[in-house]
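Asks: Quick one: the structure is below, and I'll ask about it shortly.
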Amino acid sequence: MDESAEQPAEAVHGITTGAVARRLGVAPTTLRSWDRRYGIGPAAREDGRHRRWTPGDIAVLQEMCRLTSSGVPPAEAARAARAGSGPAAPTAPVAPVVPTAPARQPGSGNGLPFGDVRQECRGLGRAAVRLDSPTMDEMLGSLISEYGLVTTWEEVMVPTLHAVGRKWETSGDQYVEVEHLLSWHVSTALRRVGIGAGSASRANAPAILLACVPGEQHTLPLEALAAGLAELGLPARMFGAAVPPEALVQAVRRTGPSAVVLWAQARSTAHHALARHIADTAWGVKGARARTTVLLAGPGWAGPAPAPGMLRPGGLREALALLRGLCESAAAAAGAPAQRS
């Protein structure tokens, strides 16, 4: 019996570049570039011209994709993939290779305008461009475990999101699917942090309210803040995008929060009158009325120093420190001192 008849057709004849590209989530032009630049190509060509990829060729490509998604430069990844270092065809997501110190190198993450960033940004960017959901999930989880939420947000998530956003803005309608998918996975990773830390929340401290101003749809920075508050054990209520003013004022009166965080991405959405109104909103019995502190978060609030009753943090780390102090002060004033982590 002919042994080849018992083997799958692709094992005998190989498959086309287009089919491999769809299977791996890599553009056909990327495969041709890897073949031309690094020798990561099919062992045989049909009629001497057309590429036909065998299972062995595809295994090398899978290792190349895994390594580049981990932030390894393409030339180095190609040498390792050809040499057969590491598992050739992983059947489950593999944890990315994370250096113990920031690694900044020139180059690109599949054409994204990164500049001088951590190597992990390039790996996450390559996975995003390939629409490689399992790798993005694995990388983001591993990075948060290794570096912590704040560092991962400031040095990996934000630069990668900005690079994808700039690529989208300069490429017409291209890359919008990359931006949406990456944003979803960043949001998922942030919520996992909050869910994992939720059981440690301090019930004896007044809640912190998080909301975008009316007309503002960017919620990821608030989601990062909510995750950071959960890690600290501080209770928060996330209201999300484009909260109507009357709804937010009613929530303040109902909950008596330690603080209210208002996010504005652009000056066109920053609602100064609403911020002032919330800072002036009082609750409680007559003679013991209380007010809250408003944090003006996001670049939309840039300008003169904030008015009394308002603070403007410079980033996630500073916002968490301010909110922790406000929450503990509010708990102490209520006669229930908050625990210290």
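Numbering follows the working numbering, in which position 239 of the sequence shown is assigned residue number 224; successive positions increment by one, without gaps.
Note that the Cβ used here is the ideal one computed from N, Cα and C, for glycine as well.
Please state if the CB of T120 and the CB of E128 are separated by a distance shorter than 9 Å.
Replies: Taking the first residue of the sequence shown as position 1, residue 128 is located at position 143. Taking the first residue of the sequence shown as position 1, residue 120 is located at position 135. A quick correction: the sequence has Leu, not Glu, at residue 128. No, these two residues do not count as a Cβ contact at 9 Å.
Asks: Can you give me the start and stop residues for the alpha helix (DSSP H) that M121 sits inside?
Replies: Translated into the one-based positions of the sequence shown, residue 121 becomes position 136. It spans 118 to 132 - the alpha helix (DSSP H) in which M121 sits, taken as one unbroken run.
Asks: From I263 to P144, what distance separates their C-alpha atoms?
Replies: The residue given as residue 263 occupies position 278 in the sequence shown. The residue given as residue 144 occupies position 159 in the sequence shown. Going by the C-alpha atoms only, they are around 32 Å apart.
Asks: Only counting the same chain, and skipping five residues up and downstream in sequence, which positions put a Cβ closer than 7 Å to that of V234?
Replies: Counted from its first residue, the sequence shown places residue 234 at position 249. Hits under 7 Å: H262, I263, T266.
Asks: Pull up the distance between the alpha-carbon of G179 and that of A226, whole angstroms please.
Replies: Reading the sequence shown from its first residue, position 194 is the one you call residue 179. Reading the sequence shown from its first residue, position 241 is the one you call residue 226. Cα to Cα, G179 sits roughly 18 Å from A226.
Asks: From the DSSP secondary-structure annotation, give me the bridge partner or partners of G225.
Replies: One-based indexing of the sequence shown puts residue 225 at position 240. Beta bridge pairing from DSSP links G225 with A196.
Asks: Kindly indicate the opening and closing residues of the beta strand (DSSP E) around L281.
Replies: Here residue 281 corresponds to residue number 296 of the sequence shown, with the count starting at 1. Counting along the chain, the beta strand (DSSP E) containing L281 begins and ends at 278 to 282.
Asks: Give a yes or no on whether the C-beta atoms belonging to V270 and V246 are separated by under 9 Å.
Replies: Position 285 of the sequence shown, counting from 1, holds the residue named residue 270. Position 261 of the sequence shown, counting from 1, holds the residue named residue 246. Not in contact: V270 and V246 (Cβ atoms no closer than 9 Å).
Asks: Who are the near neighbours of A211 in its chain, counting only those whose CB is closer than 8 Å to its CB and skipping five residues on each side?
Replies: For the purposes of this step, residue 211 is identified with residue 226 of the sequence shown, where counting begins at 1. For A211, where only same-chain residues beyond five positions count, the Cβ hits under 8 Å are L175, G179, L195, A221, M223.
Asks: In the stretch 4 to 43, which residue ranges form an unbroken beta strand (DSSP E) of at least 3 residues, counting only runs that do not cross its ends?
Replies: 29 to 31, 35 to 37
Asks: For H165, count neighbouring Cβ atoms within 10 angstroms of its own Cβ and tell me buried if that reaches 16, exposed if not.
Replies: Along the sequence shown, one-based indexing puts residue 165 at 180. Under this definition H165 is an exposed residue.
Asks: I'd like to confirm the pairing. Which residues does DSSP put opposite W327 in its beta bridges?
Replies: A question about residue 327 goes unanswered here, because the residues of the chain that appear run from -14 up to 326.
Asks: What residue from T14, V161, V163, Q104 has the CA that sits closest to V141's CA?
Replies: Within the sequence shown, the letter at position 156 stands for residue 141. Residue Q104 is the option with its Cα nearest to V141.
Asks: By DSSP, does R103 sit in helix, in strand, or in coil?
Replies: What you label residue 103 is simply residue 118 of the sequence shown in a count that begins at 1. Strand at R103.
Asks: Are V163 and V237 close, meaning C-beta to C-beta below 9 Å?
Replies: By 1-based counting over the sequence shown, the position of residue 163 is 178. By 1-based counting over the sequence shown, the position of residue 237 is 252. Contact check for V163 against V237 fails: the beta carbons are separated by 9 Å or more.
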